[in-house]
Structures are given as C-alpha cells and as structure tokens.
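What follows is a short report on a single structure.
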Amino acid sequence: MTLNASSSVLTWHDYVIFIVTLAISSLIGIRFGCFGTRQATAREYLLAGKNMKILPIAVSIAVSHFSGILILGLPAEVHRYGASAWLLPVAYMVMGLLGVFVYLPVFFKLQLTNTYEYLERRFDRKTRILSFIFYMVTEILFYPMYVYTPALTFATASGVNVHLAAVVLSAVCIFYTAIGGLKTVLWTDIFQYGVIILSLTVICTVGFKLSEGFSSVWKAASDGQLLQTFDFSLDITVRHGCWGITLGQGIQLAAGIVVHQTGVQKYLALSKFVDSMWVVVCTSISMFFVATLCVFIGLLTYSKYKDCDPLTSRIISKHDQLLPYYVGEIAKNLPGVSGLLITTVSCASLSSMSSSLNALSAVVYKNLVYFFFKDTPSEKKAATILKLIVLIMGILCSLLVLIVDQLGEIISIFLL
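When the sequence shown is numbered by our numbering, its final residue is 437 and no position is left out of the sequence of numbers.
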C-alpha cells in the first residue's frame with residue numbers, strides 16, 4: 022500500500038504547533054513592517070539599516086541554506102548511501118576560509134547592494150545583465166521546490182492536498198517578507214532556527230529511546246556499511262567521495278552562501294567587516310548542528326527499517342516521504358511530535374523562501390526596474406517598489422509548484 026492522501030496521522034496538538042509557528046512568523050513581519058521605522062526606505066528594507074549584530078546574520082545564513090529540501094533529503098540520503106555527511110564540517114571550514122580571505126573583503130570595500138553591480142565594475146554591463154538573468158531564472162526555479170517540500174510533508178501526514186498546503190505556506194512567507202524586509206527575514210530566521218533545533222533534537226531523542234539506545238543504532242549502521250565515509254578515491258563515479266564532499270562542497274557552499282546575493286546582502290547588513298569574520302564562524306557551527314542531527318535521524322531510520330524498507334514494500338512511494346513516515350511511526354503515542362516535524366521542514370523552507378524573495382527584490386530592482394526611471398526614485402518610493410516586487414515574484418514562483426511534483430526526488434533535483 023502507498024502512503025496517500027487518505028493517510029492522516031496528525032492530532033489537534035500537531036495542528037496547533039504548526040499554526041502557532043506560522044502565526045509567530047507573521048507577527049514578526051507585522052512588528053517590523055507596521056511599527057518602528059516600518060521599513061520605509063530602501064536601505065532599511067534591503068540592509069536592515071546596516072546595524073545588525075553577528076548572531077542574527079549568522080543564524081539566518083545557516084538556516085537559509087538548510088532548507089526543507091535538506092531536512093527531508095539528508096536523512097533519506099544517509100539511509101540509502103551512508104553517513105558521508107559527517108565530513109560536511111570540513112566543507113564549512115573551506116567555505117569560511119574562502120569567505121573571510123577572498124570574497125568578503127571585496128564586497129565590504131565596495132559596499133554594493135547586489136553582487137551584479139560588482140560584475141559591471143569588473144567587466145561590463147553585458148556581463149552584469151547576463152549574470153542577473155541566470156540568477157533570476159535559478160531562483161524562480163528553486164523557489165517552488167522550497168515551497169513543495171513542506172507542503173509534501175504536511176500532505177503526507179494530514180491528507181490535505183499538496184497544492185493547497187503550498188498556497189498557504191507561500192502566502193504566509195510572501196506576506197511577512199513583503200511588509201518586513203530584511204530585518205523581518207533575519208528575526209524570523211532566528212525563531213525558525215530555534216524551532217528546527219528543538220524539533221530535530223526531540224525526534225532524535227525519541228528515536229534513540231525506541232531503538233534501545235545509541236549503541237544499537239550505531240551497530241546497525243556499522244553492519245550495514247553506512248559508516249564507511251573516508252573514501253579518498255579520485256573516481257568521479259563515486260557518489261560521495263571525501264574530496265567531493267570536503268573541497269567540492271566547500272567551494273560550492275562559498276558560491277552558494279558567501280558570494281550568493283542572499284548571503285552578500287546579509288553580510289552587508291553588518292556595520293563592521295570584522296563582524297563578518299565571526300559571522301562565518303558562527304554560521305559554520307550553526308550548520309554543523311543541523312547536519313549532525315539530520316545524519317543521526319538517517320541512521321535511526323536505517324536501524325528501524327533495515328529488514329523492511331518502506332519504499333521497497335511500497336508503503337511509501339518516494340524516499341522523500343521516509344522521514345515523515347518514520348516520525349508518524351514513532352510518534353503514534355506521542356501527540357505533537359509529528360507536528361514538530363512538519364514545523365521543522367516548514368521553518369527551514371520558509372527561511373529559504375523569504376531570503377530568496379528579499380534578495381530577488383534587490384536584484385530585480387537594481388538591475389531591471391531601476392533603469393526605467395528617468396530620475397532616481399526616492400528612498401520611500403524605492404521601498405514601495407521593492408515590496409511590490411516581492412509580491413509579484415512570490416506569486417509567480419508559487420504558480421510553478423504545480424509542476425514540481427512531476428519531477429524526481431527532492432534531494433536529487435537539489436543536487437543537480
């Protein structure tokens with residue numbers, strides 16, 4: 022039997038946890054969008070007034086990277102191919118070194134709103150426009166996967182139509198991002214990171230308790246050869262070799278975080294360059310905690326299903342459903358645990374979605390809309406335009422969710 026829309030495992034406790042989390046995220050947006058400075062200028066909207074502290078920036082960058090795609094996909098990847106993700110901390114170190122000594126000094130010296138302005142100064146306007154187009158297309162294509170991930174989790178557990186769940190989640194994200202700007206994105210990320218750590222810790226604790234402790238899980242993983250992580254082969258056909266995960270992922274993370282528009286914009290919200298160095302360190306630590314918990318969950322699912330894989334048995338139809346199914350199994354007598362999983366995946370995805378929308382508003386405005394004005398728009402008018410861009414881009418990206426469930430498994434798409 023396949024896990025389908027009729028399979029509902031949620032209780033009212035789960036719905037309360039999920040709804041309260043979405044409500045708090047929306048209230049943070051209302052707090053910064055309707056009170057205080059109200060994000061009335063472009064500088065405030067895009068750079069949070071350039072007076073943010075280290076912790077909000079570091080946590081926001083980390084949680085934006087660990088989208089719901091990885092929360093669902095990484096445990097499933099460990100379950101199938103082993104715990105090579107243990108090597109990710111080395112990749113984070115490579116990312117940090119590249120960021121602190123190569124990229125960030127340049128961006129802080131120039132103090133540009135978006136990375137594509139640098140390309141025009143370094144090369145020419147054609148390079149800037151071409152890079153901007155590539156970036157915009159990439160973000161528009163990735164955003165639907167960010168939305169689809171928590172929607173799939175909720176649909177798997179509740180029986181609600183996946184497209185309806187996607188509409189609700191996307192609407193919440195568009196709302197608080199549009200009215201609150203970068204400052205709202207940062208503080209909702211802080212809240213959502215706390216929820217993610219709490220939820221994953223609870224799932225691990227319950228899982229280890231039901232599996233008779235850490236030693237039995239470790240033994241099962243060892244017997245199943247999931248712990249053979251140190252493969253220094255240069256064979257490019259190896260799925261997760263040491264060189265690919267450490268150096269390859271480190272360089273990819275630097276490109277996807279340190280010099281990516283979402284990352285640069287957050288780094289420039291700091292007032293001092295020295296703070297950016299500490300942000301890189303704190304980001305790496307924050308990412309390590311989440312990755313470690315996801316690996317543990319992958320080992321737990323393997324220990325439980327090593328003799329009867331739910332995908333092989335056709336209990337689930339995709340490996341993306343493994344984690345929701347596992348939590349539904351261990352949480353039968355524990356109200357709220359399934360809700361914590363849904364909330365975790367939703368928080369991770371909302372963070373990625375809000376950062377993506379905020380960054381898109383900056384690059385679309387600076388590289389496209391800005392050139393349609395004869396005179397430079399006032400700061401207040403620019404802020405209004407930025408909010409409209411978030412709204413329009415959010416709706417456009419959300420419509421593409423309709424085609425995501427026709428593609429392959431989430432983690433495979435994400436790694437392309």
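Each residue gets a CB set at the ideal place from its N, CA and C atoms; glycine is no exception.
Computed from a prediction, not measured in an experiment: that's the story for all the values here.
Problem set entry | Under the three-state DSSP convention, the category Leu-131 falls into | helix
Exercise. Roughly how many angstroms separate the alpha carbons of Phe-392 and Lys-74, rounded to a whole number?
Worked result: 33 Å
For this session: Drop a sphere of 10 angstroms on the beta-carbon of Ile-410, count the other beta-carbons inside from all chains shown, and report buried for 16 or more, exposed for fewer.
Result: buried
Exercise. Quick one: what's got a C-beta closer than 7 Å to Leu-133's C-beta in the same chain, skipping five residues either side?
Worked result: Tyr-139
Problem set entry | Coil, strand or helix - Leu-289 by DSSP | coil
For this session: Could you tell me if Cys-418 is buried or exposed, where buried requires 16 or more neighbouring beta carbons within 10 angstroms of its beta carbon?
Result: buried
Exercise. Mind checking Glu-400: buried by the 16 CB within 10 Å criterion, or exposed?
Worked result: exposed
Exercise. Who are the near neighbours of Leu-131 in its chain, counting only those whose CB is closer than 7 Å to its CB and skipping five residues on each side?
Worked result: Tyr-139
Exercise. What residues in its chain sit with their C-beta under 8 Å from that of Leu-67, if we drop five residues either side in the sequence?
Worked result: Thr-134, Gly-202, Leu-203, Gln-286, Asn-379, Ser-382, Ala-383, Leu-407
Problem set entry | Distance CB(Ser-375)-CB(Val-206) smaller than 7 Å | yes
Exercise. Taking C-alpha atoms, which residue in Ile-413, Leu-314, Tyr-164 lies nearest to Thr-365?
Worked result: Leu-314
Exercise. Looking only at C-alpha atoms, which of Thr-136, Leu-362, Ser-237, Ala-290 sits nearest to Glu-65?
Worked result: Ala-290
For this session: Tell me, to the nearest whole angstrom, how far the beta carbon of Ala-79 is from that of Leu-320; I am working on the premise that it is less than 8 Å.
Result: Not really, about 27 Å apart at Cβ, beyond 8 Å.
For this session: Name, in chain order, the residues that DSSP records as bridge partners for Met-73.
Result: Leu-291
For this session: Can you say whether Trp-208 is buried or exposed, counting buried as having 16 or more other CB atoms within 10 angstroms of its CB?
Result: buried
Problem set entry | Reference Ser-292, options Ala-69, Ser-46, Thr-58, closest by Cα | Ala-69
Problem set entry | Expected contact under 8 Å - CB spacing of Ala-241 and Tyr-323 to nearest Å | 6 Å
Problem set entry | For Ser-243, the three-state DSSP class (helix, strand or coil) | helix
Problem set entry | Exposure of Ser-370, with buried meaning 16 or more beta-carbon neighbours within 10 Å | buried
Exercise. Skipping 5 residues on each side, what residues in its chain have a beta carbon closer than 6 Å to that of Gln-270?
Worked result: Ala-112
Problem set entry | Coarse secondary structure for Asn-379, derived from DSSP in three states | helix
For this session: Find the nearest neighbour of Val-425 within the set Cys-263, Leu-109, Tyr-167, judged by alpha-carbon distance.
Result: Tyr-167
Problem set entry | Bounding residues of the alpha helix (DSSP H) (the contiguous stretch that carries Val-121) | Unbroken run through Val-121: none, as it is neither H nor E.
Problem set entry | Alpha-carbon spacing of Phe-229 relative to Leu-361, whole angstroms | 17 Å
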